[in-house]
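Numbering (the numbering used here), first residue to last: 217 to 735.
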Amino acid sequence: MTQAEQLAATLHPLEVKLYESLGRQEEFAETGIAAAAGMSESQARTVVEWQKAKGCLEVAGSATRQWVELSELGKRYLETTPELRLLQRVREEGPEVEVAGLLQDDRLEQREAGTALGVLRRAGVLEDAGSGRVRLAAGADTSSFEAQFELIRRVGQAGRVPWDELAEAERQLVSGASRKRGKGKGVFRLGEQTIRTLRWTELGRQVGRQVRALGRSGDEVNLLTPEMLADDSWRTKKFRRFDLSIPPPRRVAGRRHPYREYLDFVRRRMLALGFEEMRGELVESEFWLMDALFMPQFHAARDIHDVYLVAEPQRSPPVSGPAAERVAAVHQDGGQTGSRGWRTPFDAEASRRLLLRSQGTVLSARWLQRARVPGKYFAIARCFRPDEVDATHAADFYQCEGIVLGENIDFVTLLGLLRLFAREVAGAEEIHFAPAYFPFTEPSVEVHIRHPQVGWMELGGAGIFRPEVTWPQGVEVPVIAWGLGLDRMAMMALGLDDIRDLFSADLGRIRSTRLRHGV
217 MTQAEQLAAT
227 LHPLEVKLYE
237 SLGRQEEFAE
247 TGIAAAAGMS
257 ESQARTVVEW
267 QKAKGCLEVA
277 GSATRQWVEL
287 SELGKRYLET
297 TPELRLLQRV
307 REEGPEVEVA
317 GLLQDDRLEQ
327 REAGTALGVL
337 RRAGVLEDAG
347 SGRVRLAAGA
357 DTSSFEAQFE
367 LIRRVGQAGR
377 VPWDELAEAE
387 RQLVSGASRK
397 RGKGKGVFRL
407 GEQTIRTLRW
417 TELGRQVGRQ
427 VRALGRSGDE
437 VNLLTPEMLA
447 DDSWRTKKFR
457 RFDLSIPPPR
467 RVAGRRHPYR
477 EYLDFVRRRM
487 LALGFEEMRG
497 ELVESEFWLM
507 DALFMPQFHA
517 ARDIHDVYLV
527 AEPQRSPPVS
537 GPAAERVAAV
547 HQDGGQTGSR
557 GWRTPFDAEA
567 SRRLLLRSQG
577 TVLSARWLQR
587 ARVPGKYFAI
597 ARCFRPDEVD
607 ATHAADFYQC
617 EGIVLGENID
627 FVTLLGLLRL
637 FAREVAGAEE
647 IHFAPAYFPF
657 TEPSVEVHIR
667 HPQVGWMELG
677 GAGIFRPEVT
687 WPQGVEVPVI
697 AWGLGLDRMA
707 MMALGLDDIR
717 DLFSADLGRI
727 RSTRLRHGV
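In structure tokens, the structure reads:
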């Protein structure tokens with residue numbers, strides 16, 4: 217079956233009507249389709265677009281045509297205009313009429329009557345008669361007002377009149393009493409219409425011949441109804457043939473944001489691996505965010521990343537108890553860890569300063585007090601750092617934070633877990649480890665993965681918690697810890713090359729983005 221035969225057999229009945237009425241014409245105006253084919257204007261526009269999409273119709277040319285129609289104000293004047301109404305009253309109540317009484321008209325607004333009176337005076341149709349009265353001027357010419365009313369009635373009856381069908385005098389009347397756009401105060405409204413001339417393509421002409429050969433009438437039934445089955449009338453109906461090879465239109469349904477889906481996917485994976493989830497607050501004190509992680513006060517080592525300070529309130533309640541005393545001790549002299557500490561006085565007041573959470577490791581520091589041994593914990597933590605936003609950096613981001621406590625875990629255990637996360641959660645194939653420094657872990661490592669478009673990028677840091685971090689919280693076994701950037705992992709899993717696209721509001725992107733693995 218040729219393409220033309222297939223198209224002719226599966227045409228919509230409205231398309232068949234188009235071929236029936238205009239199929240033998242080489243070219244035709246788009247505006248005449250509805251009347252010629254016996255369909256509505258909206259149906260005609262739809263049919264034209266269908267045929268253009270199938271390659272059967274093309275635009276041969278176009279021309280712009282001006283038209284005139286009545287504004288909302290003009291529609292009010294279909295019975296009479298304010299000027300003619302006042303002239304009628306002067307003739308009926310004259311020869312002289314009081315202006316005050318003339319302006320009181322139950323068919324006109326007072327402002328409208330006043331405007332019309334001014335127009336008639338300026339035109340020399342009405343003149344002052346003294347004592348607040350007016351009269352019809354001798355030899356007054358009212359033909360222009362009558363001509364305007366006749367034009368209003370003509371346009372009102374037609375609905376829309378082409379500009380080129382108006383006489384020169386009528387065009388002047390329209391120009392003097394119209395607004396080009398909007399409703400405005402004009403009686404007439406001018407507009408433009410682009411009229412396209414359409415012509416059949418070679419494929420369209422072939423389809424037309426096939427339509428006639430098949431004897432299609434446009435009366436085919438599209439839908440089998442319960443009524444047809446009940447009264448058996450379907451047996452006498454001619455049904456339209458459908459092309460089952462055409463894919464159906466896409467059904468657009470609500471769905472979760474791709475990044476939200478990815479975060480849920482990571483949570484499910486971690487829970488499936490036997491991890492318990494840690495949760496915490498977005499606002500933390502310096503004590504837990506930095507001091508408990510053995511980051512020295514008033515020292516450059518605390519500047520490994522920038523932070524946001526909370527303006528109000530600025531400080532948390534004082535931290536007390538054995539953990540607070542031990543944290544102060546390890547800063548001053550190492551406490552009972554065997555370390556020398558930072559050998560600086562500990563400022564308890566400075567540790568109360570409130571900050572936005574800048575790293576997920578603060579959750580691990582807090583959780584050490586309640587953690588079981590052996591035990592493994594994770595968190596999906598929203599973090600905030602002042603940073604220059606680009607394709608791989610954002611000012612707020614998610615971290616996958618985690619710790620594992622146990623007698624027999626070591627650095628090799630940590631590297632194995634990191635490699636597992638990079639492959640299973642990020643979908644990375646190339647992974648690289650590099651030595652690193654963090655105040656709270658020793659040894660420390662950075663994880664790097666290769667993105668297909670961006671190249672190598674840092675995924676996060678990890679290491680074994682120092683005794684200065686674990687001893688104050690009462691933990692006496694090794695603890696491996698990591699903080700990995702979920703945003704960058706999501707870039708890999710979702711096939712994105714710009715971290716900013718994770719939060720895109722582009723509905724097309726949101727609907728089409730899918731996880732590349734794991735689900």
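For glycine and all other residues, C-beta sits at the position ideal for the given N, C-alpha and C.
From a predicted model like this one, the values you see are computed outputs, not experimental measurements.
Check: residue i C-beta below 8 Å from any heavy atom of the ligand ATP
i	result
E500	Ligands are entirely absent from the displayed structure, and the ligand ATP is therefore not among its contents.
Per DSSP, the bridge partner or partners of residue i
i	result
H667	G671
Q615	A597, G701
W416	L273
K592	V620
G346	R349
F361	F361 is not bridged to any residue.
8 Å contact criterion, which residue i and residue j should meet: CB distance rounded
i	j	result
V482	C599	Actually they are not in contact, since the Cβ atoms of V482 and C599 sit about 15 Å apart, beyond 8 Å.
V350	D344	6 Å
I625	Y593	Not quite, the Cβ-Cβ distance comes to about 13 Å (not below 8 Å), so this is no contact.
R457	T226	5 Å
Q689	L584	4 Å
A678	V661	5 Å
K401	L289	6 Å
R376	W283	5 Å
A595	G576	6 Å
Q548	G557	6 Å
R412	S278	5 Å
A709	L731	5 Å
F244	L414	6 Å
Residue nearest to residue i in terms of C-alpha spacing, selected from the options
i	options	result
A564	G537, E443, A260, A383	G537
D357	V371, G340, V641	G340
C272	E231, Q373, I249	E231
T560	Q530, D606, D507	D507
K291	L498, R432, L333, F365	F365
D435	S580, M255, L636, P464	M255
Y475	R716, W672, A224	R716
T280	E246, T296, R307, R261	E246
V526	R582, P590, R495, R601	R601
E492	V589, T686, R323, P534	V589
F562	E265, G551, L572	G551
M673	F656, L702, P463	L702
E477	R727, M217, T218	R727
V605	A545, D714, A597, F649	D714
S695	F656, R531, S720	It should be pointed out that residue 695 corresponds to Val in this sequence rather than to Ser. For V695, the nearest C-alpha among the options comes from F656.
R323	A316, V315, L342, T296	T296
Residue i, buried or exposed, once every other Cβ within 10 Å from all chains shown has been counted against 16
i	result
Y293	buried
P298	buried
R405	buried
L302	buried
K399	With a pLDDT of 43 at K399, under the threshold of 50, the predicted position of this residue should be treated as unreliable, and no value is reported.
F654	buried
F681	buried
F510	buried
F361	buried
Q373	exposed
V663	buried
T410	exposed
R704	buried
P668	exposed
S359	exposed
E684	buried
I462	exposed
CA-to-CA distance, residue j to residue i, given in whole angstroms
i	j	result
S748	R337	For residue 748 there is no data in the structure shown, the boundaries of the chain being 217 and 735.
G420	K268	9 Å
V371	E386	11 Å
R397	E408	Low confidence applies here, because R397 scores a pLDDT of 43, under 50, leaving its location unreliable; read the following figure in that light. When rounded, the distance between both Cα atoms is 10 Å.
P651	E500	29 Å
I647	W504	32 Å
R471	I368	55 Å
S433	K233	7 Å
T629	V693	14 Å
E328	P378	29 Å
R635	A697	14 Å
V670	G724	23 Å
G775	P533	There is simply no residue 775 to check, as the chain begins at 217 and stops at 735 in what is shown.
A224	V427	5 Å
L479	D447	57 Å
R531	R568	5 Å
L498	L572	6 Å
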